[in-house]
Every structure is written in structure tokens, then in C-alpha cells.
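Asks: In my numbering, the protein residues as written are 111 to 170. Glycine included, every Cβ here is placed at the ideal spot set by N, Cα and C. Handing you this structure, nothing more for now.
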């Protein structure tokens with residue numbers, strides 16, 4: 111039962127974080143393109159320390 115309560119709390123935290131990020135996106139219209147985020151994560155996984163990708167204006 112305690113595990114279920116912790117899992118629900120984690121899910122709620124995830125939704126709160128997602129809502130905050132979406133509100134930020136709506137306010138700024140800036141995002142990090144997936145190709146840049148993926149390349150960054152690949153470099154991190156390989157043990158490198160790449161610079162963080164910078165948000166760019168969203169283009170649909």
C-alpha cells in the first residue's frame with residue numbers, strides 16, 4: 111500500500127512538472143529541437159560533457 115501511495119505521489123510530481131514546462135513553452139514559444147536534445151544525450155551517455163542545447167523559437 112505504501113508503494114502505491116509513493117507511486118501516486120511520483121505521478122503527481124511528474125504532472126506538476128509537465129504542466130510547468132508546458133506553461134513556460136506557451137509563454138516563451140521556445141523549445142529545444144529533439145535532434146539537438148538527442149545528440150546531447152548521446153554525447154552524455156558516451157561520457158562526454160557537451161554544452162547544453164539552447165532553446166529556440168518553435169516552428170511548427
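Report the three-state DSSP secondary structure of residue 159 (helix, strand or coil).
Replies: Stepping through the chain shown from its first residue, residue 159 is reached at position 49. Three-state DSSP puts residue 159 in coil, outside helix and strand.
Asks: Roughly how many angstroms lie between the CA atoms of residue 158 and residue 164, to the nearest whole one?
Replies: Position 48 of the chain shown holds residue 158. Position 54 of the chain shown holds residue 164. Straight-line Cα distance between these residues: approximately 18 Å.
Asks: Throw me the rounded Cβ distance for the residue 167 and residue 140 pair, which I believe falls under 8 Å.
Replies: Start at 1 with the first residue of the chain shown, and residue 167 comes out as number 57. Start at 1 with the first residue of the chain shown, and residue 140 comes out as number 30. That belief holds up - the Cβ atoms of residue 167 and residue 140 are roughly 6 Å apart, short of 8 Å.
Asks: In this structure, how does DSSP classify residue 130 when only helix, strand and coil are distinguished?
Replies: Locating residue 130 in the chain shown gives position 20, counting from the first residue. Helix at residue 130.
Asks: Excluding sequence positions up to five away, which residues of its chain have a Cβ less than 7 Å from the Cβ of residue 146?
Replies: For the purposes of this step, residue 146 is taken as the residue at position 36 of the chain shown. Same-chain partners within the cutoff: 163.
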